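Participant: Top line first, the protein sequences correspond to chains C and A.
FYI, in our numbering the residues of the first sequence are 1 to 163.
FYI, in our numbering the residues of the second sequence are 1 to 163.
Number of protein chains: 2
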Amino acid sequence: MVRLNEVRRNEVAVEPPASFDAGLVFVGIIRTPWRSRLECPRQGRRDGPICRIELYEPWVAALDGIDAFKEIEVLYWLHESRRDLVRQSPSSDGAARGTFSLRSPVRPNPIGTAVVSLVARQGPILTVRGLDCVDGTPLIDLKPDRCLFTPLAPLQPGDFETG
Amino acid sequence: MVRLNEVRRNEVAVEPPASFDAGLVFVGIIRTPWRSRLECPRQGRRDGPICRIELYEPWVAALDGIDAFKEIEVLYWLHESRRDLVRQSPSSDGAARGTFSLRSPVRPNPIGTAVVSLVARQGPILTVRGLDCVDGTPLIDLKPDRCLFTPLAPLQPGDFETG
Chain C
1 MVRLNEVRRN
11 EVAVEPPASF
21 DAGLVFVGII
31 RTPWRSRLEC
41 PRQGRRDGPI
51 CRIELYEPWV
61 AALDGIDAFK
71 EIEVLYWLHE
81 SRRDLVRQSP
91 SSDGAARGTF
101 SLRSPVRPNP
111 IGTAVVSLVA
121 RQGPILTVRG
131 LDCVDGTPLI
141 DLKPDRCLFT
151 PLAPLQPGDF
161 ETG
Chain A
1 MVRLNEVRRN
11 EVAVEPPASF
21 DAGLVFVGII
31 RTPWRSRLEC
41 PRQGRRDGPI
51 CRIELYEPWV
61 AALDGIDAFK
71 EIEVLYWLHE
81 SRRDLVRQSP
91 SSDGAARGTF
101 SLRSPVRPNP
111 IGTAVVSLVA
121 RQGPILTVRG
131 LDCVDGTPLI
141 DLKPDRCLFT
151 PLAPLQPGDF
161 ETG
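#1: Please say whether G65 (chain A) and R97 (chain C) have beta carbons closer to each other than 8 Å?
#2: Please classify G44 (chain A): does DSSP put it in a helix, a strand, or coil?
#3: Going along chain C, which residues have a C-beta under 8 Å from N10 (chain A)?
#4: Please state if the CB of I140 (chain C) and the CB of L75 (chain A) are separated by a distance shorter than 8 Å.
#5: Does the separation of the CB atoms of I50 (chain A) and T127 (chain A) fall below 8 Å?
#6: Does the count of Cβ pairs from the segment 76–89 of chain C and the segment 113–124 of chain A closer than 8 Å reach three?
#7: Please list, in chain order, the chain A residues whose beta carbon lies closer than 9 Å to that of E71 (chain C).
#8: Beta carbon of L24 (chain C), beta carbon of F20 (chain A): below 8 Å?
#9: When DSSP builds the beta bridges, which residues end up paired with Y56 (chain C)?
#10: If you count every other CB in all the chains shown that lies within 10 Å of the CB of G163 (chain C), and 16 or more means buried, which is it?
#11: What are the boundary residues of the beta strand (DSSP E) that includes I66 (chain C)?
#12: To the nearest angstrom, how far is the alpha carbon of P138 (chain A) from that of G94 (chain C)?
#13: For the beta strand (DSSP E) holding D165 (chain A), just list the boundary residues, first then last.
In structure tokens form, the structure reads like this:
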């Protein structure tokens, strides 16, 4: 079962920083069939249910051209997650691992990433498959999947650096 | 050439929101060979140069177990990017596309994502290949690559939903 707010045996919480270093704006909202975190899939699946990504103004114009991509990377804000655990026990069995070796929603910056299949676009709304988040999750960013995208900008010196 | 701060022909800037919706903490810093954005590769390559990811306290304990993964997803804050363009012209040729159909660093929430090869870990420092960002870029998050990671948490109802 996903965590609601508890700290489990052998988990370690730290004092959260007193201030933030940067700010995010929510550019849309994600609509899924899951009304609580206890129902969500642990990871999205490509044959999962249709979900809806609704963009807010003034960001709708930024969707122009997205229809060219079958797969899109989605970044979203896991707004119900605590942020102070550095060691976690997903199985609640006393075995704990570092947060950065887990894809748990509980992290210092609770950002989820998924690669989803784009089914359709209608105006400010994308329908997709492959998400795993609770209904009402705030949207942070959309990008073409890196494997399908070729940069349009002119070449730069670093493009050729190996080592 | 990457943008420094200009708005190019046919690009569209919007009024940025008056306030932020969520805050980020920088959990580390990324060291790369690239001293300016004009030198960076447009996308990371797996045979690219070694880069270093240095974690800050109190987050070092969160690295525990990361050595088990050959590939790690890295989220970083593109701190030199403007955030107000909804249409961009990467080639500066007058052809503009929506920001969400580009992987440009210029976006409402300038978060870069990369999947890198983990070469080694020594204490708070990871050495990796596959990054594309400028030296000094703030680190936001690390996760095991989704293709290599199997959730440890107990099954949830959404795991079985298709549609």
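C-beta: ideal position from N, C-alpha, C; glycine also.
Here the structure is a predicted model, which is why all the values come from computation and not from measurement.
Facilitator: The answer reads as follows:
#1: yes
#2: coil
#3: Going along chain C, no residue has its Cβ under 8 Å from N10 (chain A), so there is no contact; the nearest lies around 11 Å.
#4: no
#5: yes
#6: no
#7: What E71 (chain C) touches in chain A: nothing, since even the nearest Cβ is about 12 Å away.
#8: yes
#9: BP columns for Y56 (chain C) are empty, so no partner.
#10: exposed
#11: Neither: I66 (chain C) is in no beta strand (DSSP E) and is coded neither H nor E.
#12: 32 Å
#13: In the structure displayed, chain A extends from 1 to 163; residue 165 (chain A) sits before or after that span and is not available.
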